[in-house]
Amino acid sequence: MKFMKQYIKDIIAEFKRVQWPTWDQLQNDAIVVAIASIIIALIIYLMDQFFNNVLGWFYSIF
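Our numbering applies: residue 41 is where the sequence shown begins, and numbers increase by one.
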C-alpha cells in the first residue's frame with residue numbers, strides 16, 4: 041500500500057512539472073493537425089481514384 045501512495049504522489053508531482061500548452065498553442069496545433077489530415081485524406085482519395093481508373097482500363101482490355 042505504501043508503494044501505491046508513493047506512486048500516486050510521484051504522478052502528481054510529475055504532472056505539476058509538465059509545461060501544458062496555452063489555449064492559443066492548442067488551437068493552432070489542432071488547426072495544423074486538421075489541415076494535415078484533410079491533405080493526407082485528399083492524397084489517398086486521389087491515389088485510390090487513379091488506381092481505380094487504371095485498373096478499370098486494364099480490365100476492360102482483357
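Just so it is clear, CB atoms sit at the ideal spot from N, CA and C, and this is done for glycine as well.
No experiment lies behind these values; they were computed from the predicted model shown.
Through-space distance from residue j to residue i, alpha-carbon basis
i: residue 83; j: residue 61; result: 30 Å
i: residue 52; j: residue 63; result: 22 Å
i: residue 69; j: residue 75; result: 10 Å
i: residue 79; j: residue 57; result: 35 Å
i: residue 77; j: residue 86; result: 14 Å
i: residue 65; j: residue 73; result: 12 Å
i: residue 55; j: residue 46; result: 14 Å
i: residue 93; j: residue 71; result: 33 Å
i: residue 100; j: residue 91; result: 14 Å
i: residue 88; j: residue 81; result: 10 Å
i: residue 43; j: residue 59; result: 26 Å
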